[in-house]
Amino acid sequence: MVGRQLNWDEYATAWARLHGGFDPRVAAPVVRAWLRLAYHLGYVLGRLRVTPTAVTVAGVLLCFCVPLVVGRTPNGPFWAALFVLLASVADSVDGAVAVATRRTSRLGYVYDSVADRLGEIAWLLAFWLLGAPGPLVVAGGALSWLHEYVRARAVSAGMREIGAVTVGERPTRVCVALVGLLVAGLTGLVQADLAAGTATMAVAVWVLLAGFGLGHLLSAVRRTLLPDAAPGGPE
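FYI, the numbering used here numbers position 182 of the sequence shown as 492, with every residue one higher than the one before it.
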């Protein structure tokens with residue numbers, strides 16, 4: 311049985327507990343507005359008895375549409391960008407439904423993380439289909455996966471905070487995918503071959519930001535965990 315749904319202040323407090331203590335009420339205006347939008351959508355879906363898992367599945371399906379439509383027509387990249395946007399909204403709303411309706415669970419957190427990684431694979435596949443080099447696409451996926459893996463392992467090792475907010479976080483990857491597809495669509499309308507170059511540039515930006523983000527996160531994790539290294543563990 312789901313209890314009373316949370317109001318915004320209660321939701322923000324609960325959300326902060328799940329995100330390393332970061333209070334959305336003091337976030338930058340754009341971030342705060344995005345999180346409030348997710349809260350209101352989550353509140354409505356919760357009232358309609360839509361489950362967080364259903365929203366997560368919908369987000370994954372939207373991500374899978376990205377590589378399916380990207381090369382279908384000259385307007386394919388624009389449709390792909392729209393699906394990325396809708397999937398990113400679903401990614402925020404599934405957590406909002408869970409928090410607002412008091413349905414948060416460790417299993418749901420795992421599902422959400424798996425959905426995020428599957429979605430990013432689909433976006434990178436779309437760039438490959440547009441002409442981005444395969445090794446560069448693989449490097450982008452690997453670095454992003456490592457970023458999330460390092461943070462998860464650090465939390466398992468005892469890091470109580472998120473460690474650091476880096477330039478390689480998921481919102482950055484969403485922006486790169488969205489803008490990259492839109493620009494690829496625009497350049498493709500001018501000359502078809504330009505779409506491949508734009509896709510390559512977008513993935514290169516993804517790789518650079520993911521690399522810098524991973525380095526930043528590793529530094530923060532080392533700074534946090536080194537004083538409390540486990541007995542017998544490597545230093």
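Backbone N, C-alpha and C fix where the C-beta goes; we use that ideal spot for every residue, glycine too.
What you are looking at is a predicted structure, and each value in this text was computed from that prediction instead of being measured.
Could you tell me whether the Cβ atoms of ASP401 and THR366 are closer together than 9 Å? Position 91 of the sequence shown holds residue 401. Position 56 of the sequence shown holds residue 366. Yes. Within cutoff.
Does the separation of the CB atoms of LEU491 and ALA348 fall below 9 Å? Along the sequence shown, one-based indexing puts residue 491 at 181. Along the sequence shown, one-based indexing puts residue 348 at 38. No, they are not a contact pair.
Sort ALA520, ALA442, GLU458 and VAL475 by Cα distance to GLY381 and report the nearest one. The residue you call residue 381 lines up with position 71 of the sequence shown. Answer by Cα proximity: ALA442.
Buried or exposed (CB count within 10 angstroms, at least 16 for buried), TYR419: Here residue 419 is taken as the residue at index 109 of the sequence shown, counted from 1. That one is exposed.
From what residue to what residue does the alpha helix (DSSP H) around VAL500 run? Indexing the sequence shown from 1 puts residue 500 at position 190. Segment 480 to 500, the alpha helix (DSSP H) holding VAL500.
Do you know whose CA, among LEU528, ALA338 and GLY369, lies nearest SER398's CA? Taking the sequence shown and counting its residues from 1, the one referred to as residue 398 is at position 88. Considering only alpha carbons, the answer is GLY369.
Anyone know if the C-beta pair for THR508 and GLY498 falls short of 9 Å? Counting from 1 along the sequence shown, the entry for residue 508 is found at position 198. Counting from 1 along the sequence shown, the entry for residue 498 is found at position 188. The answer is yes: Cβ separation under 9 Å.
Pairwise C-alpha distance: LEU440 and LEU446: In the sequence shown, residue 446 corresponds to position 136, counting from 1. In the sequence shown, residue 440 corresponds to position 130, counting from 1. Taking the straight line joining both Cα atoms gives about 13 Å.
To the nearest whole angstrom, what separates the beta carbons of TRP433 and CYS373, a pair I think is in contact under 8 Å? The count along the sequence shown starts at 1 and reaches residue 433 at position 123. The count along the sequence shown starts at 1 and reaches residue 373 at position 63. Yes, they are in contact, since the Cβ atoms of TRP433 and CYS373 sit about 7 Å apart, within 8 Å.
Hey, would you say TYR321 sits closer than 9 Å to ALA406, going by beta carbons? Working through the sequence shown from its first residue, we reach residue 321 at position 11. Working through the sequence shown from its first residue, we reach residue 406 at position 96. Yes, these two residues count as a Cβ contact at 9 Å.
Return the residue from the list SER466, ARG533 and VAL376 that minimises the CA-CA distance to PHE437. Here residue 437 refers to the residue found at position 127 of the sequence shown. Nearest C-alpha to PHE437: VAL376.
Taking the alpha carbon of LEU351 as the reference point, which residue from ASP404, ILE431, CYS485 and HIS329 has its own alpha carbon closest? Working through the sequence shown from its first residue, we reach residue 351 at position 41. Looking at the Cα atoms, ASP404 is the closest of the given residues.
If we ignore side chains and look at the alpha-carbon of each, how far apart do THR361 and GLN501 end up? By 1-based counting over the sequence shown, the position of residue 361 is 51. By 1-based counting over the sequence shown, the position of residue 501 is 191. Rounded to the nearest angstrom, the two C-alpha atoms are 44 Å apart.
Between the alpha carbons of LEU371 and ILE431, how many angstroms are there, rounded? Mapped onto the sequence shown, residue 371 falls at position 61. Mapped onto the sequence shown, residue 431 falls at position 121. Rounded to whole angstroms, LEU371 to ILE431 spans 13 Å at the Cα level.
By Cβ distance below 8 Å, which residues in the same chain neighbour ASP319 in space, the five residues on each side in sequence not counted? The count along the sequence shown starts at 1 and reaches residue 319 at position 9. Cβ neighbours of ASP319 beyond the five flanking positions: ARG335.
Taking 9 Å as the threshold (C-beta atoms), are ALA494 and VAL516 in contact? As a working note, residue 516 is residue 206 in the sequence shown. As a working note, residue 494 is residue 184 in the sequence shown. Sequence inspection shows Trp at residue 516; the Val mentioned does not correspond to that position. No, the pair does not count as a contact, with Cβ atoms beyond the cut-off.
7 Å Cβ shell around GLY451 - same chain, five flanking residues per side excluded: Translated into the one-based positions of the sequence shown, residue 451 becomes position 141. Cβ neighbours of GLY451 beyond the five flanking positions: GLU430, ILE431 and LEU434.
Since LEU328 and THR414 are thought to touch, with beta carbons under 8 Å apart, how far apart are those beta carbons, to the nearest angstrom? Taking the sequence shown and counting its residues from 1, one reaches residue 328 at position 18. Taking the sequence shown and counting its residues from 1, one reaches residue 414 at position 104. Right, their Cβ atoms sit about 7 Å apart.
Out of ARG412, ALA343 and PHE332, point me to the one whose CA is closest to ASN317's CA. Here residue 317 corresponds to residue number 7 of the sequence shown, with the count starting at 1. Answer by Cα proximity: ARG412.
Pick helix, strand or coil for ASP401, following the three-state DSSP scheme. Walking along the sequence shown from the start, residue 401 turns up at place 91. Reduced to three states, the DSSP call for ASP401 is helix.
Would LEU518 and THR476 be called neighbours here (beta carbons separated by less than 9 Å)? The count along the sequence shown starts at 1 and reaches residue 518 at position 208. The count along the sequence shown starts at 1 and reaches residue 476 at position 166. Not in contact: LEU518 and THR476 (Cβ atoms no closer than 9 Å).
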